[in-house]
Amino acid sequence: MSDRIIFRAMLSEIKELAEENGNRLTREQIRDFFRESNLTQEQLEMVTAYLAGEKIQIEGYEKKQEAADTVLDGEQSQSPESDWNQRQNTGAAGPGEEEKKEAGADAAGTQPMEIYREELQHLETLSQAERLNLFWQAAAGEQTAKSSLTHAYLQTVYDLSKTYLYDRISQGDLVQEGNVGLLLALEELTPGQTLEEYEQFLFNRIQEAMEDAVQESQDLEEMGEKLAKRADQLKEAAENLKEELGRKVSIEELSAYLEMPLEEIKDILRMAGDEIQVTALHKEE
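Position 23 of the sequence shown, counted from 1, bears residue number 23 in full-length UniProt numbering, the numbering being contiguous throughout.
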């Protein structure tokens with residue numbers, strides 16, 4: 001879990017770097033950014049594929065991707081017949097519910113998700129035989145196959161994101177977390193599995209990444225509520241002590257009054273930032 005959180009944070013940072021550069025990156029920039037992460041060449045290629053999937057222009061990558069896509073030439077089928085695909089389809093919200101959920105997304109995230117959804121409609125749909133063949137190649141370490149599977153299951157990530165309510169985290173954030181889960185799952189494939197087993201594995205990893213993101217958001221919200229409550233208690237205690245002494249009090253006096261460690265009080269005040277103003281306290285020099 002900690003590795004995923006660190007990797008997720010790094011992906012967010014490099015996406016910010018791309019945004020600063022007009023939504024463009026070079027392979028050298030990607031390699032330099034992840035230099036201390038000890039990623040293999042294959043893992044760097046997976047990161048590049050992910051960033052390209054996020055509509056970031058990677059210098060020198062487009063032509064390579066077109067060449068990789070020629071491996072997939074052949075009959076295309078849009079018949080997700082496996083139990084796993086049936087479950088993801090039935091698990092998604094119905095038309096009315098989907099509109100309601102997307103309407104509940106934050107205003108800043110609605111338009112990008114509409115664009116993302118339209119772009120997904122242009123992705124190639126692979127037959128079961130093609131998907132299984134790609135899984136076998138990916139399990140053997142074929143980077144082209146991993147890249148193709150990344151694009152093939154972006155729709156799955158989007159569909160799964162629709163099964164959540166966006167009260168704690170936006171759909172865009174869920175999709176990003178799911179894409180990270182997909183990316184990492186493709187590095188953990190083992191040879192000799194069936195298509196259903198491979199797809200179930202991806203589903204579990206994508207869902208786990210989204211669940212972790214929701215839980216993390218909930219934990220941060222609860223932490224913020226606890227912090228606000230403790231800050232209010234400090235403010236009230238400082239006002240009471242000021243009234244008793246007839247003057248503003250020092251943070252040391254407040255510490256003794258509450259029998260609370262000085263550093264703990266400082267931490268609460270620092271984390272609360274501009275959220276509170278304890279006027280009964282002397283300002284520290």
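We treat Cβ as the ideally placed atom computed from N, Cα and C, and that holds for glycine.
Checklist entry - Name the DSSP beta bridge partners of Ile265, please? => result Here residue 265 is taken as the residue at index 265 of the sequence shown, counted from 1. None, per the DSSP bridge assignment.
Item to check | the region 211 to 225 contacting the region 252 to 267, beta-carbon criterion three pairs below 8 Å | outcome: no
Item to check | First through last residue of the beta strand (DSSP E) which encompasses Thr40 | outcome: As a working note, residue 40 is residue 40 in the sequence shown. Taken as a continuous stretch (DSSP letters only), Thr40 belongs to no beta strand (DSSP E), as it is neither H nor E.
Checklist entry - Which term fits Ser148, buried or exposed, when burial requires 16 or more other beta carbons within 10 angstroms of its beta carbon? => result Mapped onto the sequence shown, residue 148 falls at position 148. Classification for Ser148: buried.
Checklist entry - In terms of residue numbering, what span does the beta strand (DSSP E) encompassing Leu25 cover? => result The sequence position of residue 25 within the sequence shown is 25, counting from 1. Counting along the chain, the beta strand (DSSP E) containing Leu25 begins and ends at Arg24 to Thr26.
Item to check | Residue range of the unbroken alpha helix (DSSP H) whose run includes Gln121 | outcome: Taking the first residue of the sequence shown as position 1, residue 121 is located at position 121. No alpha helix (DSSP H) contains Gln121, which DSSP labels as neither H nor E.
Checklist entry - What is the rounded straight-line gap between the Cα of Gly178 and the Cα of Glu188? => result Numbered from its first residue, the sequence shown carries residue 178 at position 178. Numbered from its first residue, the sequence shown carries residue 188 at position 188. So the alpha carbons of these two residues sit roughly 15 Å apart.
Checklist entry - What three-state label does DSSP hand Ile58 in the structure shown? => result What you label residue 58 is simply residue 58 of the sequence shown in a count that begins at 1. Of the three classes helix, strand and coil, the one that applies to Ile58 here is strand, per DSSP.
Checklist entry - Looking only at C-alpha atoms, which of Arg205, Ile169 and Leu25 sits nearest to Leu186? => result By one-based count along the sequence shown, residue 186 stands at place 186. Leu186 has its Cα closest to that of Arg205, out of Arg205, Ile169 and Leu25.
Checklist entry - Just how far apart, CA to CA, sit Asn38 and Leu134? => result Residue mapping note: residue 38 aligns to position 38 of the sequence shown, counting from 1. Residue mapping note: residue 134 aligns to position 134 of the sequence shown, counting from 1. Approximately 26 Å between the Cα atoms of the pair.
Checklist entry - Between Arg8 and Ser217, what straight-line distance do the alpha-carbon atoms span, to the nearest angstrom? => result As a first step, residue 8 is located in the sequence shown; it is residue number 8 there, counting from the start. As a first step, residue 217 is located in the sequence shown; it is residue number 217 there, counting from the start. Rounded to the nearest angstrom, the two C-alpha atoms are 14 Å apart.
Checklist entry - What residue from Gly141, Ala152, Gln143 and Ser127 has the CA that sits closest to Gln121's CA? => result In the sequence shown, residue 121 corresponds to position 121, counting from 1. Comparing Cα positions, the closest option is Ala152.
Next on the checklist: Given a cut-off of 8 Å on the beta-carbon distance, is the pair Ala18 and Arg27 in contact?
Outcome noted: Here residue 18 refers to the residue found at position 18 of the sequence shown. Here residue 27 refers to the residue found at position 27 of the sequence shown. The answer is no: Cβ separation not under 8 Å.
Next on the checklist: As a quick exercise: from Tyr50, Lys235 and Gln29, pick the residue whose alpha carbon is nearest that of Leu154.
Outcome noted: Numbered from its first residue, the sequence shown carries residue 154 at position 154. It is Tyr50.
Item to check | Cβ neighbours of Tyr116 in the same chain (closer than 6 Å, five flanking residues each side left out) | outcome: Residue numbering aside, residue 116 sits at position 116 when the sequence shown is read from its first letter. Hits under 6 Å: none found.
Item to check | Local Cβ density within 10 Å of Asp173, reported as buried at 16 or more and exposed below that | outcome: By 1-based counting over the sequence shown, the position of residue 173 is 173. Looking at its Cβ environment, which holds 16 or more other Cβ atoms inside 10 Å, Asp173 is buried.
Checklist entry - Apart from the five residues just before and just after Gly60, which ones in its own chain have a Cβ nearer than 8 Å to its Cβ? => result In the sequence shown, residue 60 corresponds to position 60, counting from 1. So the qualifying residues of the chain are Thr26 and Arg27.
Checklist entry - Can you name the start and end residues of the alpha helix (DSSP H) that Ser170 belongs to? => result Here residue 170 refers to the residue found at position 170 of the sequence shown. Where Ser170 is concerned, there is no enclosing alpha helix (DSSP H), given that its DSSP letter is neither H nor E.
Checklist entry - Between which two residues does the alpha helix (DSSP H) containing Ala138 stretch? => result To locate residue 138, count along the sequence shown from 1; it is residue 138. Residues Gln128 to Ala139.
Item to check | Exposure of Leu165, with buried meaning 16 or more beta-carbon neighbours within 10 Å | outcome: Position 165 of the sequence shown, counting from 1, holds the residue named residue 165. Exposed, by the Cβ-count rule.
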